[in-house]
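S.K.: One structure coming up, written as structure tokens, with questions to follow.
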Amino acid sequence: MRIVKNGDVHVSAPFGMSRREVDAFIAQHQDWIVEARKKTADRQKQRTDFFHQLPLTTKAQKEAATERLRAQVEPMIHKYAIIGVSPSVVSYKPMISRWGLCQVKDHSICFSLYLLLLPDWCVEHVVVHELCHLIEPSHNAHFHSLMDRFFPRWREARKETRRVAKAV
Ligand SMILES: [Zn+2]
Numbered sequence: 004m005r006i007v008k009n010g011d012v013h014v015s016a017p018f019g020m021s022r023r024e025v026d027a028f029i030a031q032h033q034d035w036i037v038e039a040r041k042k043t044a045d046r047q048k049q050r051t052d053f054f055h056q057l058p059l060t061t062k063a064q065k066e067a068a069t070e071r072l073r074a075q076v077e078p079m080i081h082k083y084a085i086i087g088v089s090p091s092v093v094s095y096k097p098m099i100s101r102w103g104l105c106q107v108k109d110h111s112i113c114f115s116l117y118l119l120l121l122p123d124w125c126v127e128h129v130v131v132h133e134l135c136h137l138i139e140p141s142h143n144a145h146f147h148s149l150m151d152r153f154f155p156r157w158r159e160a161r162k163e164t165r166r167v168a169k170a171v
């Protein structure tokens with residue numbers, strides 16, 4: 004049994020278990036459900052609060068954030084030219100679902116403006132991550148070996164990013 008983001012309860016029951024047994028199981032775990040729902044809601048609030056630190060509703064706010072992030076990211080892309088790839092286009096959008104996105108087809112990379120809320124070395128980690136994706140699209144052993152080579156502290160950076168952004 005688990006709580007999904009919108010607060011719904013998802014139950015996986017063994018094949019053959021009756022509806023009544025499932026209902027009884029849920030009834031027995033009411034306290035757990037209430038507690039788990041509260042935790043889910045708290046976590047989501049922390050996450051929402053995190054993103055609200057950087058208001059990006061107006062055009063002017065987005066433009067200012069884009070300029071700030073571009074100034075931070077571009078030198079990093081130059082620094083990591085040693086990886087041997089260069090993106091065709093780099094764009095910046097207010098994405099909350101991910102920090103970066105790369106299109107292997109046209110070698111373009113898009114970064115989340117909310118990177119401005121992360122420590123510098125975590126931003127650098129995202130930049131290297133996306134650049135390595137231009138060589139290896141999957142998160143496989145080859146990809147991890149590239150990360151080990153160009154950004155050895157990638158595991159630590161990933162952990163710190165999750166901690167700072169309250170993402171679980
Ligand atoms: Zn990735």
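Counting in the numbering used here, the sequence shown runs from 4 upward without gaps.
We treat Cβ as the ideally placed atom computed from N, Cα and C, and that holds for glycine.
#1: So is tryptophan 102 buried or exposed if we call it buried at 16+ other beta carbons inside 10 Å?
#2: Using the rule of at least 16 other Cβ atoms within 10 Å of the residue's Cβ for burial, across every protein chain shown, is threonine 51 buried or exposed?
#3: What span of residues does the alpha helix (DSSP H) with serine 148 cover, start to end?
#4: Which residues, in chain order, sit with a beta-carbon under 6 Å away from any heavy atom of ligand 1?
#5: Below 8 Å, can you find three or more Cβ-Cβ pairs linking the segment 73-89 to the segment 7-18?
#6: Output the distance between the C-alpha atoms of aspartate 11 and alanine 84, rounded to the nearest integer angstrom.
#7: Does the segment 43-59 come close enough to the segment 113-130 to have 3 or more Cβ pairs within less than 8 Å?
#8: Tell me whether histidine 128 is buried or exposed, calling it buried when 16 or more other Cβ atoms sit within 10 Å of its Cβ.
#9: Which value, in whole angstroms, describes the spacing of the CA atoms of glutamate 24 and arginine 165?
#10: So, for valine 107: in the same chain, excluding its five sequence neighbours on each side, which residues have a beta-carbon less than 8 Å away from its beta-carbon?
#11: Determine the direct distance from the alpha carbon of cysteine 113 to that of valine 93, and round the result to whole angstroms.
#12: Helix, strand or coil for histidine 13 per DSSP?
#13: Can you grab the Cα-Cα spacing for the pair glutamate 66 / alanine 74, in whole Å?
#14: What residue from Met98, His110 and Ser100 has the CA that sits closest to serine 91's CA?
#15: Mapping DSSP to helix, strand and coil, what is isoleucine 99?
#16: For alanine 63, count the other beta carbons within 10 Å of its own beta carbon; 16 or more makes it buried, fewer makes it exposed. Which is it?
#17: Leaving aside the five residues before and after valine 88 along the sequence, list all residues of the same chain whose C-beta is less than 7 Å from its C-beta, in chain order.
M.R.: So, to answer that:
#1: buried
#2: exposed
#3: 144-153
#4: His132, His136 and His142
#5: no
#6: 46 Å
#7: yes
#8: buried
#9: 38 Å
#10: His136, Leu137 and Pro140
#11: 6 Å
#12: strand
#13: 12 Å
#14: His110
#15: coil
#16: exposed
#17: Leu134, Leu137 and Ile138
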